Structures are given as structure tokens and as C-alpha cells.
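> Converting from the sequence shown to our numbering requires adding 38 to each position, the first position being numbered 1. By construction, the Cβ of each residue, glycine as well, lies at the ideal position given by its N, Cα and C atoms. Predicted model only: the values in this text are computed from it and were never measured.
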Amino acid sequence: SDKISLSGDFQSVSDIKLLAQLLKPEDENSTDSEDDALPPPGNQKLGPGDICPKKPKPIIRPSDRNVVKGEGKSCEEIRQFEDNLIGVEDESELDGKETPEYNIVYKQAVTSEDVFLQMNCKTPATSSCEDIILTINLPGETSDTVELTLTKDHCLINARKFKLSLPLPHQCDPDLSKAQFISD
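Put into C-alpha cells, the structure is as follows:
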């Protein structure tokens with residue numbers, strides 16, 4: 039009586055032992071490839087990362103961290119290149135010129151729809167501001183001695199005593215921008 043009939047009741051303890059052997063997992067020496075990819079059974083929770091076989095992570099050496107892929111340039115070389123793009127001069131070119139005090143104020147056009155109905159999706163963040171007001175204090179300078187260069191993302195002020203090279207927090211249109219010199 040090695041056969042078990044599942045349609046009937048279990049008659050003896052040996053029937054239950056044979057059923058337990060049928061339901062028992064196979065040996066660890068099994069060559070079933072589907073079971074090898076799964077984690078061992080237990081109280082572990084499976085997640086999306088357990089579906090595919092794990093790939094080893096690449097080893098990053100400290101010398102690889104300062105080199106950008108594909109370019110072969112170090113971070114310092116890239117920083118110098120970006121500084122040259124936005125017009126930042128070398129510190130040796132300042133030659134005793136001071137950096138003036140400046141203040142950046144963000145201005146937002148707020149209507150009653152914004153305040154009461156909140157229809158325009160504006161936030162108090164600077165990204166919702168339409169205007170940037172840049173105030174620069176240049177004591178002792180006149181409008182004839184101040185040179186202003188404005189690009190879409192950079193402001194350069196050159197005067198007798200002062201020099202300011204300032205990247206702007208938001209892009210602007212130099213053709214629509216206004217500059218005004220107010221003497222004290």
C-alpha cells in the first residue's frame with residue numbers, strides 16, 4: 039500500500055508520512071534553474087528587486103571619482119571651463135578692486151485671483167516670481183565710471199573701485215531688462 043488515494047480518507051500514519059514526503063521540498067542538490075534564482079523560503083518579504091538575478095555592483099576607485107565619463111577631464115578642469123563660459127575672471131584680474139554690496143529681491147505680480155481663488159498655481163517660491171530686482175551699492179562711483187554687462191544668466195559690473203561678477207539665480211532677457219543709476 040505505497041500508493042495514496044487522495045479521494046479517500048487517510049487510513050494510517052504511513053499514508054500521512056508518504057504525503058509529507060510528496061510535499062517536502064527537493065534536496066539542495068537539485069538542478070532546477072528556476073528555483074536557484076529565488077531566495078530561500080522563510081519569513082522573508084519579496085520585493086521588485088528579487089525578480090531578476092542580482093548583478094554585481096561595479097567597484098568605483100577613488101581615482102575614478104574626479105574623472106567624468108567619456109571626457110577624461112577632472113572636476114577642476116570642468117569648473118574652470120564653466121567659469122570661463124559665464125565670464126568669471128581670474129582673481130588676479132581684480133587687482134585691488136572690492137566686491138560691492140548687493141541685494142537680490144524677487145517681485146511677483148499677484149492679482150485677486152491668486153489671493154482669493156488661487157487659480158494661477160502660483161507659490162511663494164522664487165520660481166513663481168516674474169521680476170528680479172538687483173540693487174548694487176557703489177559708493178563714490180558715477181554713472182560714467184560704471185560699466186554693466188548683462189547676459190541671460192550673468193551680471194558683470196566693472197567700476198574704478200569695484201568689480202562684481204554675479205551669476206543670476208534665474209535667466210532673464212537682457213533686451214527687456216532695465217538698469218538705472220541712482221546717485222546719493
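Is it right to say F154 is buried, meaning 16 or more other beta carbons lie within 10 angstroms of its own, or is it exposed?
The count along the sequence shown starts at 1 and reaches residue 154 at position 116. It counts as exposed.
> State the start and end residues of the unbroken alpha helix (DSSP H) segment that holds S52.
Residue numbering aside, residue 52 sits at position 14 when the sequence shown is read from its first letter. Counting along the chain, the alpha helix (DSSP H) containing S52 begins and ends at V51 to L61.
> Excluding sequence positions up to five away, which residues of its chain have a Cβ less than 7 Å from the Cβ of T183?
Walking along the sequence shown from the start, residue 183 turns up at place 145. Closer than 7 Å at the Cβ level, and outside the excluded window around T183, lie A197 and R198.
> Please report the straight-line C-alpha distance between D53 and K62, rounded to a whole angstrom.
Working through the sequence shown from its first residue, we reach residue 53 at position 15. Working through the sequence shown from its first residue, we reach residue 62 at position 24. Using only the alpha carbons, I get a separation of about 14 Å.
> Please report the residue range of the beta strand (DSSP E) in which P143 lies.
Stepping through the sequence shown from its first residue, residue 143 is reached at position 105. Note that residue 143 is Val in the sequence shown, not Pro. E139 to K145 is the extent of the beta strand (DSSP E) around V143.
> In angstroms with no decimal places, state the Cα-to-Cα distance between Q156 and T189.
The residue labelled residue 156 in the question sits at position 118 within the sequence shown. The residue labelled residue 189 in the question sits at position 151 within the sequence shown. Distance between the alpha carbons of Q156 and T189: 34 Å.
> Quick one, which of I220, E185 and K55 has its alpha-carbon nearest F200's?
Residue numbering aside, residue 200 sits at position 162 when the sequence shown is read from its first letter. It is E185.
> So T173 is in the beta strand (DSSP E); what residue range does that whole segment cover?
Here residue 173 is taken as the residue at index 135 of the sequence shown, counted from 1. Taken as a continuous stretch (DSSP letters only), the beta strand (DSSP E) holding T173 covers D169 to N175.
> Go through its chain and collect everything with a Cβ distance to A217's Cβ below 7 Å, but skip five positions before and after it.
Mapped onto the sequence shown, residue 217 falls at position 179. Hits under 7 Å: L186.
> Am I right that L172 and C159 are in contact with their C-beta atoms under 8 Å? What's the rounded C-beta distance?
On the sequence shown, position 134 is the one that residue 172 refers to. On the sequence shown, position 121 is the one that residue 159 refers to. Wrong, their Cβ atoms sit about 26 Å apart, outside the cutoff.
> Mark L176 as exposed unless 16 or more other C-beta atoms lie within 10 angstroms of its C-beta, in which case mark it buried.
To locate residue 176, count along the sequence shown from 1; it is residue 138. Its Cβ being crowded by 16 or more others within 10 Å, L176 is buried.
> By the 10 Å Cβ neighbour count, where 16 or more other Cβ atoms means buried, how is I174 classified, buried or exposed?
Numbered from its first residue, the sequence shown carries residue 174 at position 136. Buried is the call here.
> Which residue marks the beginning of the beta strand (DSSP E) containing P205, and which one marks its end?
Here the question's residue 205 lines up with position 167 in the sequence shown. From DSSP, the beta strand (DSSP E) with P205 extends over K201 to P205.
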